[in-house]
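K.L.:
Residue numbers (full-length UniProt numbering): 1 to 193.
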């Protein structure tokens with residue numbers, strides 16, 4: 001999962017909707033107030049299962065390392081060690097705090113960057129020591145990027161970038177038509193050519 005508030009909110013709503021759909025028709029027969037309470041409970045439950053993709057954090061750290069004015073070459077190993085410590089399942093919250101303080105002191109130009117990643121909703125999704133997700137459940141989540149990000153990557157690959165509006169819209173339309181053909185072929189509706 002990405003880290004935007006909008007994506008986290010949609011995830012929780014979709015989770016609640018999916019669970020509610022399994023409760024039909026009984027759920028529809030509840031009073032509206034009871035439905036609202038149940039939905040809120042499910043949204044809160046979903047928040048306890050949100051796991052982010054540490055690939056974003058790792059990639060942004062790689063970008064920082066490439067800028068020698070931010071991370072001097074002689075300090076790259078120290079920076080890498082700090083990043084690994086933050087992502088380790090064996091790190092405690094106290095060790096993360098110590099590591100963050102060290103990184104901020106050694107690399108003052110990353111303070112804004114690191115503070116962004118340490119915002120509670122984001123930090124709890126990416127750093128195991130700060131996670132609110134049950135560790136046994138977190139271990140079952142695949143360590144891959146999510147399907148939406150993969151689709152976004154395919155879209156950029158298929159349609160290109162830096163295009164005029166008309167050309168971009170045409171490329172998106174062609175991509176959608178291609179996806180529709182693939183979907184229909186999978187569903188057995190028509191052969192994929």
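Even glycine gets a Cβ: it sits at the ideal position worked out from N, Cα and C.
Using only CA atoms, which one of 13, 135, 128 lies nearest to residue 44?
P.N.:
13
K.L.:
So which of 91, 108, 93, 97 has the shortest CA-CA distance to residue 196?
P.N.:
The requested residue 196 does not occur in the structure, where the chain is confined to residues 1 to 193.
K.L.:
Under DSSP, the alpha helix (DSSP H) around residue 133 begins and ends at which residues?
P.N.:
Note, residue 133: premise wrong, no alpha helix (DSSP H); not H, not E.
K.L.:
Which stretch, first to last residue, makes up the alpha helix (DSSP H) that contains residue 164?
P.N.:
Note, residue 164: premise wrong, no alpha helix (DSSP H); not H, not E.
K.L.:
What residue range does the alpha helix (DSSP H) around residue 47 cover?
P.N.:
32 to 47
K.L.:
Could you tell me whether the Cβ atoms of residue 114 and residue 104 are closer together than 9 Å?
P.N.:
yes
K.L.:
Determine the direct distance from the alpha carbon of residue 156 to that of residue 180, and round the result to whole angstroms.
P.N.:
Rounded to the nearest whole angstrom, the CA to CA distance from residue 180 to residue 156 is 17 Å.
K.L.:
Exposed or buried, what is residue 166 when buried is set at 16 or more other beta-carbons lying within 10 Å of its beta-carbon?
P.N.:
exposed
K.L.:
Measuring alpha carbon to alpha carbon, tell me which of 98, 110, 35 ends up nearest residue 69.
P.N.:
Checking every option, the nearest Cα to that of residue 69 belongs to 110.
K.L.:
For the alpha helix (DSSP H) that residue 97 lies in, which residues bound it at each end?
P.N.:
93 to 106
K.L.:
Start and end of the alpha helix (DSSP H) containing residue 188?
P.N.:
No alpha helix (DSSP H) contains residue 188, which DSSP labels as neither H nor E.
K.L.:
Quick check: the stretch 55 to 67 against the stretch 18 to 35, are there 3 or more CB pairs under 8 Å?
P.N.:
When Cβ pairs closer than 8 Å are counted between the two stretches, the stretch 55 to 67 is seen not to touch the stretch 18 to 35, the count staying below three.
K.L.:
With DSSP run on the structure shown, which of helix, strand or coil describes residue 86?
P.N.:
helix
K.L.:
For the alpha helix (DSSP H) containing residue 109, list its first residue and its last residue.
P.N.:
Per DSSP, residue 109 belongs to no alpha helix (DSSP H) and is neither H nor E.
K.L.:
Is DSSP giving residue 16 helix, strand or coil here?
P.N.:
helix
K.L.:
If you draw a straight line from the C-alpha of residue 66 to the C-alpha of residue 172, how long is it?
P.N.:
33 Å
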